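Trainee:
Right under this line is the structure:
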């Protein structure tokens with residue numbers, strides 16, 4: 795499945811119950827995500843795109859865009 | 016070295032300790048409240064290089080040039096007039112000799128009124144060394160500690176850490192001044208009333224359910240002992256996968272393992288209410304988020320009761336921890352606990368009638384450090400935070416480092432001996448293996 799930034803934003807918004815998060819919103823600081831929310835976002839993206847996200851990679855994820863880039867890196871999907 | 020945006024001229028030369036900083040200073044009168052980190056190194060780190068790196072590090076961080084003075088009934092950071100960061104070098108006699116040396120660091124109080132609030136002990140031999148870095152907890156938390164070590168390693172390998180700006184205004188603003196609007200003024204008062212109601216309900220429930228159950232001893236004195244343990248990569252991977260399958264955070268899973276093992280060894284009743292403490296970060300939750308490259312103690316804690324059965328459903332315990340954490344986070348307990356902590360510590364020390372909890376867990380997540388830095392290689396990373404006789408019985412700082420979970424466990428010798436502490440750690444591993 796093609797990974798698109800808009801779709802990652804939508805997914806993050808659905809999990810966090812937020813309307814229209816922006817790519818540069820920080821998942822915890824701006825969107826109020828707690829660690830369980832981050833876990834739910836990761837699992838949802840894994841299931842949706844059939845990718846595997848390493849725990850160690852997540853240390854560099856702050857914004858929705860960071861998450862999108864990580865998902866892209868971890869997928870074989872064309873960009 | 017200072018940045019081009021150095022604003023020290025406009026900064027106040029001192030500021031009062033606030034919230035948890037104040038609580039930690041009060042605690043220091045009972046037991047030195049230090050954080051001890053150990054970098055295990057292979058290869059050569061010349062002492063002159065280390066000395067120079069520490070000097071530059073101190074110039075880059077205002078909180079490393081700080082001391083704490085009493086001001087009336089409170090205390091204040093004073094950002095001037097401190098000597099250089101002490102560095103002691105000794106021969107490394109045994110490979111695991113660093114554990115006893117790190118334990119000693121918990122007995123040695125910082126000269127708080129003179130500063131600085133950091134010191135180093137380097138145990139060196141021909142193969143490498145163990146660098147023991149000790150800081151007073153008022154100026155460091157888990158987030159800033161990892162960046163400080165990374166910066167120190169960069170400086171030791173001759174690299175200027177350009178990605179870490181010099182911290183000219185570090186420590187200038189206390190966390191409560193940056194609380195979000197909902198937790199300032201009238202919002203704070205409302206949230207506080209609600210927090211106090213929940214705390215009292217938890218206290219009554221805990222007392223009622225603990226009737227006839229072992230009470231943790233309160234010793235007059237005790238020594239903080241350390242037990243480093245590592246979970247193999249295979250188990251670590253399984254735990255991460257289980258976290259995603261069950262949709263329970265790793266922090267909650269590890270907490271459930273700790274509580275179950277402590278129940279098994281210390282609380283022989285079939286169903287026991289145990290107090291568990293976890294730690295949360297304030298940095299991202301302030302009106303102006305504070306970067307982890309800025310030193311400071313911006314952590315806070317959540318404390319709640321979990322019912323732990325003798326042979327119960329592990330995943331229910333983990334879910335209970337997660338649910339309690341979610342309630343605490345949603346209701347802004349991070350701000351309230353930070354601000355209320357001095358009062359709580361004063362009450363605890365005055366009463367000497369209860370312990371903070373049975374267990375405490377600080378899970379830092381993945382930690383990245385360069386594997387090689389110039390002439391040496393980092394082979395291990397440990398971190399410990401002081402405990403005391405009124406603190407939790409079994410405490411751990413845990414991190415994911417190079418694919419493995421590194422547990423740095425602390426216990427008081429007045430509570431248990433090393434054999435019991437190891438048995439609890441082994442049980443913890445067995446319980447977690449069985450759960451996933």
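Residue numbers (our numbering), protein chains in the order written: chain A, 795 to 873; chain B, 16 to 451. Here a beta-carbon is modelled for each residue, glycine too, at the ideal position from N, C-alpha and C. Note that the coordinates shown come from a computational prediction; the quantities given were computed from them, not determined experimentally.
#1: With 8 Å as the threshold, decide whether the Cβ of residue 168 of chain B is near any Cβ in chain A.
#2: Is residue 836 of chain A close to chain B, meaning its C-beta is less than 8 Å from at least one C-beta of that chain?
#3: Which parts of the region 137 to 181 of chain B are runs of the alpha helix (DSSP H), unbroken and 4 residues or longer, counting only runs that do not cross its ends?
#4: Give me the Cβ distance between residue 274 of chain B and residue 342 of chain B, rounded to the nearest whole Å; I'm assuming they're in contact under 8 Å.
#5: Using a Cβ cut-off of 7 Å, pull out every chain B residue sitting near residue 853 of chain A, in sequence order please.
#6: According to the Cβ coordinates, are residue 51 of chain B and residue 403 of chain B closer than 8 Å?
#7: Out of B:79, B:121 and B:139, which has the shortest C-alpha to C-alpha gap to residue 106 of chain B?
#8: Taking Cβ positions only, does residue 823 of chain A come closer than 8 Å to chain B?
#9: Is it true that the CB of residue 323 of chain B sits closer than 8 Å to the CB of residue 332 of chain B?
#10: Sorted by chain position, which residues of the same chain lie with C-beta nearer than 6 Å to residue 325 of chain B's C-beta, five sequence neighbours on each side aside?
#11: CA-CA distance, residue 78 of chain B and residue 258 of chain B?
#12: Using the beta-carbon count (16 or more within 10 Å), is residue 75 of chain B buried or exposed?
#13: Tell me whether residue 109 of chain B is buried or exposed, calling it buried when 16 or more other Cβ atoms sit within 10 Å of its Cβ.
#14: Determine the chain A residues that contact residue 266 of chain B at a beta-carbon separation under 9 Å, and present them in chain order.
#15: What residues in the region 132 to 157 of chain B have a beta carbon less than 7 Å from any beta carbon of chain A?
#16: Taking only beta-carbon atoms, is residue 415 of chain B less than 8 Å away from chain A?
#17: Given this structure, state the Cα-to-Cα distance separating residue 312 of chain B from residue 302 of chain B, to the nearest angstrom.
#18: Establish whether the CB of residue 799 of chain A and some CB of chain B are separated by less than 8 Å.
#19: The beta strand (DSSP E) spanning residue 315 of chain B covers which residue range?
#20: Is there a Cβ of chain A sitting closer than 8 Å to that of residue 335 of chain B, yes or no?
#21: Where does residue 251 of chain B sit, in a helix, a strand or coil, going by DSSP?
#22: Given a threshold of 16 other Cβ atoms within 10 Å of its Cβ, counted over all protein chains shown, does residue 156 of chain B qualify as buried or as exposed?
#23: Select from the region 247 to 264 of chain B all residues with a C-beta closer than 7 Å to any C-beta belonging to chain A, and list them in chain order.
#24: Write down every uninterrupted run of the alpha helix (DSSP H) in the region 202 to 274 of chain B whose length is 4 residues or greater and which is fully enclosed by it, in chain order.
#25: Just the chain A side, please: which residues come within less than 8 Å of residue 468 of chain B by C-beta, in chain order?
#26: Do you know offhand how far residue 293 of chain B's Cα is from residue 442 of chain B's?
#27: Alpha carbon to alpha carbon, how far is residue 359 of chain B from residue 128 of chain B?
#28: Is there a C-beta anywhere in chain A that falls below 8 Å from the one on residue 98 of chain B?
#29: In chain order, which alpha helix (DSSP H) runs of at least 4 residues are fully inside the region 277 to 356 of chain B?
#30: Going along the chain, which residues of its own chain have a beta-carbon closer than 6 Å to the beta-carbon of residue 19 of chain B, five neighbours each way excluded?
#31: Going by the DSSP bridge assignment, what does residue 412 of chain B pair with across the sheet?
#32: Could you say which of B:399, B:346 and B:386 lies nearest to residue 210 of chain B if we only look at CA atoms?
#33: Determine the DSSP secondary structure at residue 104 of chain B, reduced to helix, strand or coil.
#34: Three Cβ pairs or more, each shorter than 8 Å: is that satisfied between the region 366 to 378 of chain B and the region 410 to 422 of chain B?
#35: Beta-carbon of residue 833 of chain A versus every beta-carbon of chain B: anything under 8 Å?
#36: Measure the CB-CB distance between residue 281 of chain B and residue 171 of chain B and report whether it falls below 8 Å.
Mentor: With the given structure in hand:
#1: no
#2: yes
#3: 157 to 171
#4: About 18 Å; that fails the 8 Å criterion.
#5: 380, 381 and 383
#6: no
#7: B:139
#8: yes
#9: yes
#10: 285
#11: 37 Å
#12: buried
#13: exposed
#14: 829
#15: none
#16: yes
#17: 17 Å
#18: no
#19: 314 to 324
#20: no
#21: helix
#22: buried
#23: 255, 258, 259, 262 and 264
#24: 248 to 261
#25: A question about residue 468 of chain B goes unanswered here, because the residues of chain B that appear run from 16 up to 451.
#26: 20 Å
#27: 24 Å
#28: no
#29: 329 to 345
#30: Residue placement at residue 19 of chain B is poorly supported in this model, since its pLDDT is 40, which falls under 50; the coordinates are not used for a value here.
#31: B:377 and B:423
#32: B:346
#33: strand
#34: yes
#35: yes
#36: no
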